[in-house]
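Colleague: Going by our numbering, the sequence shown opens with residue 721, and the numbers climb by one from there.
Built from N, CA and C at the ideal position, the CB exists for glycine as well.
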Amino acid sequence: MFDPYEQWLGIGKDQRPVTCYQLLGIAPSETNAKAIEKAAEKAAAKIHRHREGEHHAVCTRLMKEIEQAKSVLLDPAKRKAYDAKLRARTGTATETIEKPPASTDTTADARDATPLPKAKAVVEDSDKPRKHRKSKEAEKPKKSAAIWIVVGGLVLLMVVGGGAIGAYFAFKEPSPSTQVAAQPTKSGPPPIPEPPPKSDPPKDPPKPADPPKPKDPPKDPPKPKDPPKPAPTPPKPAPPKPEPPKVVKQPVPDEAAQAKAEAALKETWKADYAKNRPEERATLAGKFLHPGRENRNDPGAWFVMLREARDIAVLAGKPRLAMEAIDEIDRWFIIDPLDMKVKALTALSKDKNEATQFSAVRVCQHMVEHAYASENYDLAQKLLKIAEDISAELKGGRIVDMVRQMRLDFTEYNREFQAVSAARNMLAQNPNDTKTNEVLGIYYCFFQGNWDKGLPHLAKGPPGDLTNLAKLDMSQPADVASQLKIADGWWDLVAAQKERFQRSLLKRAKAAYEKAGPGTAGEDRQRVVERIREAQEKEYARVNKLVPGSYFGRDAESRTILLREGGGNVRSEEAIQAGLEWLAKHQLPNGMFPTDFNKTALNCKCGEAGEKHDIAGTAFGLLPFLGAGNTHKQGRFSNVVARGLAYLLSKQTPKGNFHDNAYENALATIAVVECFGMTKDPALQIQARRRRLTSFRLRRRTAVGATPPTRKKATRR
């Protein structure tokens, strides 16, 4: 029979009734409050791991018992009274108290389903000297009266003192037909008990025949010093966030309003319009898309600024920036965004720059995925045609491979969609057809990623593992074993599916593993962690943003998109530019950024000069400019970067180091390599310098006690 005390806490049946000390697993001599609290936490942890599943009610009961035991042992008054009762129990009598309410757990003991009869208690007073005993017949009324006084006091203590379990925890198994009573441990008549301390005995003791009345305690019952605090009320669920106000789109301004606004815009930004380099044009388009720059009180000026951002992005060969501008126009004005995007991509397809071609194909690929999701195969066909036009003149390479795969996918998906359309018609006539439900379930779950819509269809499929897995998933089981079975089931299907199907299955399996994870242990937990990490890595591989080691976000196009996604606006960009201007003021003509604030810097009024570390200061000065997309070849502060790089390279020795100080040498290396990574400029001669830097680092490691390389060739490179 299921015994949580023995199976979960290791308290054998021969150690009953269970005491507070046994429940927490501490010795009766333990008085350290921290040790008691730690023991209670450890015992609660053993119970907490079983909270899911069929023993939930038992877990809840035992958690309350542990908390009450801790409360009793941490309170000196309660503990003193409790220890006195334990001493009385272990003396000549066994004391049994009424059990807590029976658990609703169907696997618990049979006694949990049947209310226990109220128990009698016999307490021996070992301290008080014994009086002369009278005959048994004359002693019965007094003994009975004393017993009921003790019972009444114990019941009151259980109700008021927070020590319902505080006396001790009985876990005996009484027979349903036999009342639980105390069994004397020694032969002979029981001793005369003493009433509870601080309790006035009633003037007229009740007759032996009168039934006990637990609800009528003595007049002056003992009160605990610190009554237990009520259980904290669970926090109320947060009210749902109000939905953002619905945007009321405006009609596109007429031609006259647009012409007037265009003339004013080009006059205001005359200097920026005069710049013809692609990166400079992209910067201007990005400025027009900075949130907060628009004039919403003038729809004509607002629309024209966004339209110009789109057109300038197309001229600059920035497809993603052009799509961002079209999305912003569609957010506020009534247009046909898909038609506008197709026209912009058609214009971009004529650009011969490889970076532009690759970006345009990626945009087409992304839009085709969305076309599949909306079942717009005509749009997918148009976008595929644009991608094929871009790759038509190319002999090979990644662009050609991408477009070829897009064509293969379109052919297969279009054929499968025709089967899905036929299945929908068949389902209207026969909703319970198993094969038809399976076709639609696979389409909605695996292809569209709409599991709420697809799982009911999969559950109606033909008998098999897939149908059983769908039924189990729909049941949303609470036990960890079933949750793991669901996660493993979807995971095992990934390898045999197409790439689009794999993404949906990985996402579903990852969610199931995350749900089951907290309740797992050992090998199961290790598998869960590894598979969640693998699913994340595969998802991150598809997202070309902020990948460690990449330079995403440095160019004008990416910076603008990240700015808009991250909540930046025109003011945040102006603050960045102001910070770069402040740094530029502190650069000396030779390119150095001094850390001691040399007064030869223009308009420098800084105080509290630091130590002199010219190499480190220059490296730190360059990194913000590089982070904002400036290099020695492009950007508003290209001259600042060029001078700083020239200063660092002038300090580099033939051995490869910039300074004898390893800290400064490392910072300079980062700045130089960062610029090379952004520009791939062979003039920096990074390959030769990297070898020298490697040799320098190896020598430095050996000098400070690190193990040198075993192969001599490695140190000569």
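Between Ile-1106 and Leu-1065, is the Cβ-Cβ spacing less than 9 Å?
Modeller: Contact: yes.
Colleague: Are there 16 or more other CB atoms within 10 angstroms of the CB of Ile-1054, so buried, or fewer, so exposed?
Modeller: By the neighbour-count rule (16 or more Cβ atoms within 10 Å), Ile-1054 is not buried but exposed.
Colleague: Exposed or buried, what is Asn-1015 when buried is set at 16 or more other beta-carbons lying within 10 Å of its beta-carbon?
Modeller: The residue in question, Asn-1015, is exposed, as its Cβ has fewer than 16 Cβ neighbours within 10 Å.
Colleague: Going by other Cβ atoms of all chains shown within 10 Å of its Cβ, with 16 needed for buried, is Gly-1037 buried or exposed?
Modeller: Flag for Gly-1037 reads buried.
Colleague: Hey, would you say Gly-1184 sits closer than 9 Å to Gly-1161, going by beta carbons?
Modeller: Result no, Cβ atoms of Gly-1184 and Gly-1161 do not sit closer than 9 Å.
Colleague: Within 10 Å of its beta-carbon, does Arg-1411 have 16 or more other beta-carbons around it, so buried, or fewer, so exposed?
Modeller: Bear in mind that the predicted position of Arg-1411 carries a pLDDT of just 41, short of 50, making it unreliable; the figure below should be weighed with that in mind. Exposed, since its Cβ has fewer than 16 Cβ neighbours within 10 Å.
Colleague: Over what stretch of residues does the alpha helix (DSSP H) that includes Pro-1039 continue unbroken?
Modeller: Counting along the chain, the alpha helix (DSSP H) containing Pro-1039 begins and ends at 1039-1052.
Colleague: Take every Cβ of the stretch 1192-1203, pair it with every Cβ of the stretch 763-773, and state whether three or more of those distances are shorter than 8 Å.
Modeller: Judged by Cβ distances under 8 Å, the stretch 1192-1203 makes contact with the stretch 763-773, as three or more pairs qualify.
Colleague: Could you have a look at Gln-970 and say whether DSSP puts it in helix, strand or coil?
Modeller: Strand.
Colleague: Report yes if the C-beta distance between Lys-1227 and Glu-1259 is below 9 Å; otherwise report no.
Modeller: In this structure, Glu-1259 lies closer than 9 Å to Lys-1227 by Cβ.
Colleague: With a CB to CB cut of under 7 Å and the five nearest residues on each side skipped, what residues in its chain are close to Asp-1109?
Modeller: Ser-1069, listed in sequence order.
Colleague: Specify, as a first and last residue, the run of the alpha helix (DSSP H) that Tyr-1133 falls within.
Modeller: Its alpha helix (DSSP H) spans residues 1118-1149.
Colleague: Determine the extent of the alpha helix (DSSP H) in which Gln-1077 is found, giving its start and end residues.
Modeller: Segment 1074-1093, the alpha helix (DSSP H) holding Gln-1077.
Colleague: Just the C-alpha distance for Ile-746 and Ala-760, rounded to the nearest angstrom, thanks.
Modeller: Between Ile-746 and Ala-760, the C-alpha separation is close to 9 Å.
Colleague: On the three-pair Cβ rule with 8 Å, is the stretch 1371-1383 touching the stretch 1012-1028?
Modeller: Judged by Cβ distances under 8 Å, the stretch 1371-1383 makes no contact with the stretch 1012-1028, as fewer than three pairs qualify.
Colleague: My guess is that Ile-1206 and Ala-1232 are in contact by the Cβ rule of under 8 Å, so how many angstroms apart are they, rounded?
Modeller: So it is a contact: roughly 5 Å between Cβ atoms.
Colleague: Across the stretch 1328-1343 and the stretch 1301-1320, are there enough close Cβ pairs to call them in contact, namely three or more that are closer than 8 Å?
Modeller: Touching, yes.
Colleague: Under a Cβ-count criterion, where at least 16 other Cβ atoms within 10 Å of its own Cβ denotes burial, should Gly-1355 be classed as buried or exposed?
Modeller: Burial call: buried.
Colleague: Here's the rule I'm using: 16 or more other beta-carbon atoms within 10 Å means buried, otherwise exposed. How should Trp-1302 be labelled?
Modeller: Burial call: exposed.
Colleague: Please classify Cys-1326 as buried or exposed, where buried requires at least 16 neighbouring CB atoms within 10 angstroms.
Modeller: With fewer than 16 Cβ atoms within 10 Å of its Cβ, Cys-1326 is classed as exposed.
Colleague: Excluding sequence positions up to five away, which residues of its chain have a Cβ less than 6 Å from the Cβ of Gln-970?
Modeller: Around Gln-970: Pro-1019 and Phe-1053.
Colleague: Give every residue of the same chain whose Cβ lies closer than 7 Å to the Cβ of Cys-1165, excluding the five residues on either side of it in the sequence, and list them in chain order.
Modeller: Excluding sequence neighbours, Cys-1165 sits near Trp-1171, Gly-1174, Leu-1175, Leu-1178 and Ser-1224.
Colleague: Once you ignore the five residues that flank Val-1248 on each side, which residues in its own chain have a CB closer than 7 Å to its CB?
Modeller: Closer than 7 Å at Cβ, skipping near neighbours: Tyr-1233, Ala-1236, Gly-1237 and Thr-1240.
Colleague: Tell me the rounded alpha-carbon separation between Asp-723 and Ala-1190.
Modeller: Between Asp-723 and Ala-1190, the C-alpha separation is close to 35 Å.
Colleague: Since Met-1398 is in the alpha helix (DSSP H), which residue starts that stretch and which ends it?
Modeller: Counting along the chain, the alpha helix (DSSP H) containing Met-1398 begins and ends at 1382-1399.
Colleague: Suppose you measure from the CA of Ser-1141 to the CA of Arg-1220; what does that come to, to the nearest Å?
Modeller: Rounded to the nearest angstrom, the two C-alpha atoms are 19 Å apart.
Colleague: Does DSSP put Asn-1157 in a helix, in a strand, or in coil?
Modeller: In this structure, Asn-1157 counts as helix in the three-state DSSP scheme.
Colleague: Would you grab the beta carbon distance between Arg-1051 and Val-967 for me? Rounded to a whole angstrom, and I think it's under 8 Å.
Modeller: Rounded, the Cβ-Cβ distance is 7 Å, consistent with contact.
Colleague: Cutting at 6 Å between CB atoms, please list the residues of its own chain near Asn-1310, excluding the five before and the five after it.
Modeller: The answer, listed in chain order, is Tyr-1367.
Colleague: Quick one, are the C-beta atoms of Ile-1335 and Glu-1384 less than 9 Å apart?
Modeller: For Ile-1335 and Glu-1384, yes; Cβs fall inside 9 Å.
Colleague: Return helix, strand or coil for Ile-731, following the three-state DSSP convention.
Modeller: Of the three classes helix, strand and coil, the one that applies to Ile-731 here is coil, per DSSP.
Colleague: Helix or strand or just coil, what does DSSP make of Leu-793?
Modeller: Correct three-state label for Leu-793: helix.
Colleague: Run the CB neighbour count on Lys-1332, radius 10 Å, all protein chains shown included, and call it buried at 16 or more, exposed below.
Modeller: Classification for Lys-1332: exposed.
Colleague: Put Gly-662 into one of helix, strand or coil per three-state DSSP.
Modeller: Outside the modelled stretch of the chain, which goes from 721 to 1437, sits residue 662, for which no answer is possible.
Colleague: Distance cutoff 9 Å, beta carbons only. Does Ala-797 sit that close to anything in chain B?
Modeller: Among the chains in the structure shown there is no chain B, since it carries only a single protein chain.
Colleague: Tell me which residue opens and which closes the alpha helix (DSSP H) that Asp-1059 is part of.
Modeller: From DSSP, the alpha helix (DSSP H) with Asp-1059 extends over 1057-1068.
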